[in-house]
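A short write-up of the structure that comes next.
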Amino acid sequence: MTGVLVTGGTGKTGSALTELLRGGGVAVRVASRNPSDGDPDAARFDWGDPATHAAALHGMDRVFLVPPTNSVDPMPLVRPFLAEAQRLRVRRLVLLGSAAVLPNAPSALELAARVRAQPGWAVLRASGFMQNFLRPHPLGERIRRHGEIRTAAGAGRVGWIDARDIAAAASALLADSGVEPDDRRDYLLTGPQALSYQDAAAILTARTGRPVRMVHIATDEQAANYRAVGMPAEFAAALAAVEDGIRAGREDQVSTAVLDLTGRPPRTFTAFVQDHANAWVDLGVPER
Numbered sequence: 349m350t351g352v353l354v355t356g357g358t359g360k361t362g363s364a365l366t367e368l369l370r371g372g373g374v375a376v377r378v379a380s381r382n383p384s385d386g387d388p389d390a391a392r393f394d395w396g397d398p399a400t401h402a403a404a405l406h407g408m409d410r411v412f413l414v415p416p417t418n419s420v421d422p423m424p425l426v427r428p429f430l431a432e433a434q435r436l437r438v439r440r441l442v443l444l445g446s447a448a449v450l451p452n453a454p455s456a457l458e459l460a461a462r463v464r465a466q467p468g469w470a471v472l473r474a475s476g477f478m479q480n481f482l483r484p485h486p487l488g489e490r491i492r493r494h495g496e497i498r499t500a501a502g503a504g505r506v507g508w509i510d511a512r513d514i515a516a517a518a519s520a521l522l523a524d525s526g527v528e529p530d531d532r533r534d535y536l537l538t539g540p541q542a543l544s545y546q547d548a549a550a551i552l553t554a555r556t557g558r559p560v561r562m563v564h565i566a567t568d569e570q571a572a573n574y575r576a577v578g579m580p581a582e583f584a585a586a587l588a589a590v591e592d593g594i595r596a597g598r599e600d601q602v603s604t605a606v607l608d609l610t611g612r613p614p615r616t617f618t619a620f621v622q623d624h625a626n627a628w629v630d631l632g633v634p635e636r
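Take the position in the sequence shown, starting the count at 1, then add 348; the result is the number in my numbering.
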């Protein structure tokens with residue numbers, strides 16, 4: 349049997365990718381920590397248990413790799429998986445990376461470099477997910493409960509991208525549709541326009557009819573907010589520090605990679621809001 353192993357298969361991007369691949373007749377094995385009993389092609393997968401890596405990879409010749417979340421040091425967990433994938437001669441591996449560089453996290457850069465060095469493998473460097481504006485992400489939860497965006501990013505802009513467009517780009521590389529990784533094997537994935545959080549708040553307000561405001565906070569306060577929702581302290585600090593980079597303009601970038609890979613332009617933030625308009629219904633929670 350050959351097919352695509354989708355790690356993080358029940359996540360925002362993995363689930364959309366699975367639907368696309370299966371819709372195109374591609375065999376998919378959905379890997380997750382808690383596989384669905386109703387999916388005969390689901391497999392248990394745990395980054396902390398290398399024994400699950402070999403079983404998930406068995407018979408698969410392509411892989412969509414979503415590294416461990418909430419970690420500034422993924423390599424100790426991912427390294428055995430990459431070695432097993434090479435041993436089993438996986439011919440195509442697409443890594444879901446990030447356009448933003450986490451401070452004090454060289455391991456993530458090492459992971460991307462390791463993937464780029466392998467023939468036939470590729471890295472998708474995705475910009476900020478539009479889905480972050482939805483719950484259960486802390487940003488989306490705050491908008492829904494309190495009608496506000498709290499950020500240290502100031503007027504900095506991000507090329508927000510819909511996870512469905514990331515999935516479409518990954519599918520183009522994994523579905524044996526004739527699309528081959530370019531010489532760099534590295535793709536910056538963004539939406540069609542870079543927007544500030546203030547821009548996003550204005551679009552949410554206009555399209556949902558519910559006022560959404562932006563509140564400027566310090567980076568330390570943002571890190572505390574992330575810790576409060578259960579993120580490890582080191583990762584919370586690194587993620588909050590990314591907003592310093594946004595404020596400095598480092599994430600203000602737009603690419604044509606989605607169009608180049610899929611043949612269609614990525615979704616706009618306005619279209620994303622229209623698709624999910626009911627997600628920001630006011631819960632009437634009085635706390636500020």
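The C-beta atom is built at its ideal place from N, Cα and C for all residues, glycine as well. Nothing here was measured: the structure is a model prediction, and the numbers come from that model.
- Per DSSP, Ala-474 is not a residue of any alpha helix (DSSP H); the beta strand (DSSP E) it occupies stretches across 470-474.
- Between the region 493-501 and the region 557-567 there are three or more C-beta pairs closer than 8 Å, enough to call the two in contact.
- Where Ala-391 is concerned, the enclosing beta strand (DSSP E) starts and stops at 390-392.
- Scanning Ala-588, Met-478 and Glu-432 for the CA closest to the CA of Val-449 turns up Ala-588.
- Listed as beta-bridge partners of Ser-380 by DSSP are Arg-392.
- Around the beta-carbon of Ser-384, fewer than 16 other beta-carbon atoms lie within 10 Å, marking it exposed.
- For Glu-496, the enclosing beta strand (DSSP E) stretches over residues 496-499.
- A straight line joining the alpha-carbon of Glu-367 with that of Ala-518 spans about 12 Å.
- Sequence-distant Cβ neighbours of Trp-469 in its own chain, meaning closer than 6 Å and more than five residues away, are Leu-441 and Val-463.
- For Asp-534, the secondary structure class from DSSP, reduced to helix, strand or coil, is strand.
- Rounded to whole angstroms, the separation of the alpha carbons of Glu-582 and Lys-360 is 24 Å.
- With respect to Arg-473, Ala-447 sits close: the two C-beta atoms are nearer than 7 Å.
- Per the C-alpha coordinates, the member of Phe-617, Gly-373 and Leu-353 positioned closest to Ala-511 is Phe-617.
- Within the region 541-625, the runs of beta strand (DSSP E) at least 3 residues long that lie entirely inside it are, in chain order, 561-564.
- Look at the beta carbons and you see the region 430-440 touching the region 405-412: at least three pairs across the two are nearer than 8 Å.
- When C-alpha distances from Ser-525 are compared across Phe-481, Ala-402, Gly-373 and Ala-465, the shortest belongs to Gly-373.
- Closest option to Arg-612, judged by alpha-carbon separation, among Asn-382, Phe-481 and Thr-538: Thr-538.
- Taking a C-beta distance under 7 Å as the contact criterion, Val-378 and Val-354 qualify as a contact pair.
- Between Pro-424 and Pro-398, the CB-CB gap reaches or exceeds 7 Å.
- For a cut-off of 8 Å, the C-beta gap from Ala-501 to Arg-595 is around 5 Å, short enough to register as a contact.
- Non-local C-beta neighbours of Asn-418 in its own chain, meaning closer than 7 Å and more than five positions away in sequence, comprise Met-579, Pro-580 and Phe-583, ordered along the chain.
- In the structure shown, the three-state DSSP call for Ser-446 is strand.
- Take Ala-585, set aside five residues on each side of it, and the residues of its chain with a beta-carbon closer than 7 Å to its own are Ala-571, in chain order.
- A straight line joining the alpha-carbon of Phe-477 with that of Ile-509 spans about 5 Å.
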